[in-house]
Amino acid sequence: MAGRWKSDLNWSDVTPKAAFMNRRQILAGGAAALGATALAGVSGPAQATLGAAPSKWSMPLETNSYEEITNYCNYYEFGTGKDDPAANAHMLTTEPWSIQIDGMVDNPGDYGLEDILANVSLEERIYRFRCVEAWSMVIPWVGFELKDLLDRAGVQAGAKYVAFETVLRPEEMPGTRSRVLDWPYREGLRLDEAMHPLTIMATGIYDEPLLGQNGAPIRLVVPWKYGFKSIKSIVRITLTDTQPETSWNMAGPREYGFYSNVNPQVDHPRWSQSSERKIGGGLFAKRIPTLMFNGYEEHVADLYAGMDLKANY
Amino acid sequence: MIDSLNTVLRKLPPWLLYIAGTLPVVWLFYAGATGGLGVDPVKAIEHRLGLWALWLLIATLAVTPLMKFAGLRLLQFRRALGVLAFFYVLVHVLVWLVLDVQILSQVWADILKRPYITIGMAAFVMMLPLAITSNNWSVRKLGAPRWRSLHKLTYPVAILGGVHFVMLVKGWQVEPFWYLGVIVILIALRKLPKRARRQAAG
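Line by line, the protein sequences are chains A and B.
Oh and the first sequence: position 63 is 63 in my numbering, straight run, nothing missing.
To get my numbering, take the position in the second sequence, counting from 1, and add 1000.
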């Protein structure tokens, strides 16, 4: 099949869990996780630890390897190179972790990560991931619907938007010492986008807890939007009635819109968005066509009915 | 110090530079094909070739100031440096065309529509006459003054190359500004009098 992506990597190529788990996570994982860790360490293939259930929202696609997903990342807080996050993100302390939920909610406050996870059930969501830079992957996320968390916080009637903020700790995030962006990293969604069942808060990949470079311990995933909308390492969620400021839009309003829906017909000013390079295809991989709303058109097109998507890029 | 360095340099044949300068390109494709450049080898090769081309342009531009202000004689290597810079840009353009964009109609659209590509392309086109005339026969045929003024195209080529780099990165990154800054300084140094050299000698 033309353009079909093939990988010669398999589960035996995945980094043994013992090699990448840091000590803190192992200690916190408890006896059961420790057992699984030890097993995974000797047997090679990673063992299921999060126990995510399959989901009807998953796409029947061949996923990228764990190596690819965890070593090719944009996370400018840890450096602008694609391999910088994998090299530096271990510096980020992810325990304890809590998310401050505030603004137009009935139950504002600090929500501890364990408390958040105790009230949701984790699902595996195999999603396409399309970067604004015109490369893509398929990633088996583990997470829960953002709606579950927002319902718990109690969204008030007048709220129209959800604003998100990434943690900012210059001593742990070397990239924030230069002002590539106006830190902290900020993102936002319209409330109906945030409430959509495809929109998830992810805590894992391949049934393993997220690594720092992928946005540990908890991040947003909005599969029909360019990757930068899926904000990482979230510490704050604010419900508001005005459209929130978003980092890339602030840095380049002409290049990065608030919506940033994947759209092959609306080019980035500096490159075409009509096709993409699927990561993992090697030197001679063919480009593949980019799909409207990244292949999620049937599920999300309604959200934008009647909207000029060229003007609202 | 400088004098003994010059003596050593005089014994080095410039063709060594052509061989040494070609090896990294061979290595780059080998590493890209065997997974040594990470999971996105096309981008890695493309970026590295562009970066190395800028290094070579900077090296070419540094020859005159180094002679003027430090007395270091590298003139015999300048042609090789310039031709290698062109070679790197050529392979950079080919990788972009064949391995990255792939679709010819989109290549044209990109050249016309996207300023950083237009600028990069302009620099590449301006390098063509320089590469073609980088031989003794052309110097004789054109006459030294005309040949020299033609090869002043190197200045806009290097500046456009630096601007191309500044424009292609996302956000405000420092690295490309370093390259552009060094290029501008090396060109500006040509306008300065030889004072430093005379002081060093005196």
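Using N, Cα and C, we set each Cβ at its ideal position, and we do this for glycine too.
If you're wondering where the values come from, they're calculated on a predicted model, not measured in any experiment.
Contact with chain B is absent for residue 226 of chain A, since none of that chain's Cβ atoms lies less than 8 Å from the residue's Cβ. For residue 1079 of chain B, the enclosing alpha helix (DSSP H) has its first and last residue at 1075-1094.
The residues 247, 250 and 251, in chain order, have a CB closer than 8 Å to that of residue 182 of chain A in the same chain once the five nearest residues on each side in sequence are set aside. A direct Cα-to-Cα measurement between residue 1003 of chain B and residue 1076 of chain B gives close to 16 Å.
Secondary structure note for residue 135 of chain A: its beta strand (DSSP E) is the uninterrupted segment 135-145. By the C-beta density criterion, residue 293 of chain A is buried, having at least 16 other C-beta atoms within 10 angstroms. Per DSSP, residue 161 of chain A is one residue of the beta strand (DSSP E) stretching across 161-166.
Here residue 141 of chain A is buried, its C-beta having at least 16 other C-beta atoms within 10 Å.
Exposed is the label assigned to residue 62 of chain A, since fewer than 16 other Cβ atoms lie within 10 Å of its Cβ. Positions of the alpha helix (DSSP H) runs, each at least 4 residues long and wholly inside the stretch 233-262 of chain A, are given as 247-251 in order along the chain. Residue environment analysis places residue 1010 of chain B among the exposed positions, since fewer than 16 neighbouring C-beta atoms fall within 10 angstroms of its C-beta. Per DSSP, the unbroken alpha helix (DSSP H) holding residue 1155 of chain B starts and ends at 1154-1168.
DSSP places residue 124 of chain A inside the beta strand (DSSP E), whose first and last residues are 123-130. By alpha-carbon distance to residue 1071 of chain B, the top candidate from B/1001, B/1094 and B/1188 is B/1001. By the criterion of a C-beta distance shorter than 8 Å, residue 50 of chain A is surrounded in its chain by 122, 142, 203, 204, 207, 208 and 209, once the five residues flanking it on both sides are discounted. By the beta-carbon neighbour count (other beta carbons within 10 angstroms, threshold 16), residue 312 of chain A is exposed.
Here the alpha carbons of residue 99 of chain A and residue 235 of chain A stand approximately 4 Å from one another. At least 8 Å separates the beta-carbon of residue 86 of chain A from that of residue 265 of chain A.
Contact note: residue 66 of chain A does not reach chain B at a C-beta cutoff of 8 Å; the least C-beta distance is about 11 Å. DSSP places residue 209 of chain A within a strand segment (E or B) once states are collapsed to three. For residue 1176 of chain B, the closest Cβ of chain A is not nearer than 8 Å.
Beta-bridge analysis with DSSP links residue 1055 of chain B to no other residue. Under the 10 Å beta carbon count, residue 52 of chain A is surrounded by 16 or more other beta carbons and is classified as buried.
Rounded to whole angstroms, the Cβ separation of residue 96 of chain A and residue 112 of chain A is 7 Å, and the two are in contact under 8 Å. Taking C-alpha positions only, residue 281 of chain A is separated from residue 221 of chain A by approximately 24 Å.
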